[in-house]
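Asks: The structure that follows is given in the form of structure tokens.
Residue numbers (my numbering): 50 to 330.
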């Protein structure tokens, strides 16, 4: 075991050294175009389990066109579903701001719409650390591959407390829209809210890549797939919610989540953002 661990540490150190060297050489103007092209080719075809970012695009359509046929495009892929299971019950520092606000208004909640809720990570963590009444309904909306997996395991994991869906029908009944790390991988994340006859009073959004630069799109590699990924202009992001009648109550930074895009330093984000919006019913 010590040998295996030692080898893993050495491999990680070598990869970090290679990445640092690449980025350092990339600051040399004559070398930058060739190094960026080489990184882009390798990034789009690397299939080992990794998380990283590459390229900059004006929209999702342009990013999708740059995904080679050998890679899955997006999260709706069976081989991608199990990647985050090892983090299913891990509590990160960025979770506590969300739980703080959830605890304040949980007594007024009948239905939580967990958009991009994966396999119920937020439900399990909130249930354990905040606690809530059994009457609270928790609906998880996600891509078909996740929904199929979630439904097959729901009875053993949650009983009747949690349901999985691909539709937005329950959004109009929800008191809280919860979205943790999902808005950036949805091409138009505001559309369901804009079309809802009734909007949730509370909106908690976490792990958002938001900055002062103009909005753009990058590609996020999760090893098994490449995913088009929004980089939001923070002011525009907040303005979209205000245009729907929401007021911004709180915002915070998630220092344990970042987005580093080689050769696009101005669009790299050192800390993600979280937001609490409230609709004045």
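Even for Gly, the Cβ is constructed at its ideal location relative to N, Cα and C. Every value quoted in this text rests on a predicted model; they were computed, and no experiment measured them.
Mind checking which residues open and close the alpha helix (DSSP H) that includes residue 170?
Replies: 170-178
Asks: Residues in the same chain with beta-carbon distance under 6 Å from residue 116, minus the five sequence neighbours each way, listed in chain order, please.
Replies: 122 and 275
Asks: Among residues of its own chain, excluding the 5 on either side of residue 21, which ones have a beta-carbon nearer than 7 Å to its beta-carbon?
Replies: Residue coverage of the chain in this structure runs from 50 to 330, which leaves residue 21 outside it and unanswerable.
Asks: Between which two residues does the beta strand (DSSP E) containing residue 238 stretch?
Replies: Looking at the DSSP string, residue 238 is not in any beta strand (DSSP E), and its letter there is neither H nor E.
Asks: Between the segment 103-112 and the segment 258-267, do three or more beta carbon pairs fall short of 8 Å?
Replies: yes
Asks: Measuring only the C-alpha atoms, how far is residue 231 from residue 324?
Replies: 13 Å
Asks: Suppose you measure from the CA of residue 328 to the CA of residue 201; what does that come to, to the nearest Å?
Replies: 35 Å
Asks: Curious, which full-length beta strand (DSSP E) runs of at least 3 residues does the segment 190-244 contain?
Replies: 211-214 and 225-229
Asks: Check each candidate in 154, 217 and 148 and name the one with the smallest Cα separation from residue 179.
Replies: 148
Asks: With 16 other CB atoms within 10 Å as the buried threshold, where does residue 119 fall?
Replies: exposed
Asks: What whole-angstrom Cβ distance do residue 162 and residue 223 have, given they're in contact under 8 Å?
Replies: 4 Å
Asks: In angstroms with no decimal places, state the Cα-to-Cα distance between residue 280 and residue 203.
Replies: Rounded to whole angstroms, residue 280 to residue 203 spans 33 Å at the Cα level.
Asks: Can you tell me which residues form a DSSP beta bridge with residue 167?
Replies: DSSP lists no partner for residue 167.
Asks: Among 312, 171, 252 and 296, which one has its Cα closest to the Cα of residue 139?
Replies: 171
Asks: Spatial neighbours of residue 319 within its chain, please: CB distance less than 7 Å, with the 5 preceding and 5 following residues excluded, ordered by chain position.
Replies: 307
Asks: Roughly how far, in whole angstroms, is the beta-carbon of residue 102 from the beta-carbon of residue 251, given that I think they are within contact range, below 8 Å?
Replies: The pair is not a contact, with the Cβ atoms about 31 Å apart (cut-off 8 Å).
Asks: Write down the C-beta distance between residue 158 and residue 185 rounded to the nearest angstrom, noting that I regard them as a contact closer than 8 Å.
Replies: 6 Å
Asks: Please return the same chain residues whose Cβ sits closer than 6 Å to the Cβ of residue 233, not counting the five positions on each side in sequence.
Replies: 258, 278 and 279
Asks: Which term fits residue 183, buried or exposed, when burial requires 16 or more other beta carbons within 10 angstroms of its beta carbon?
Replies: exposed
Asks: With 16 other CB atoms within 10 Å as the buried threshold, where does residue 58 fall?
Replies: Only weak support is given to the placement of residue 58: the predicted model assigns it a pLDDT of 46, under 50, and the value that follows is read from those uncertain coordinates. Label assigned to residue 58: exposed.
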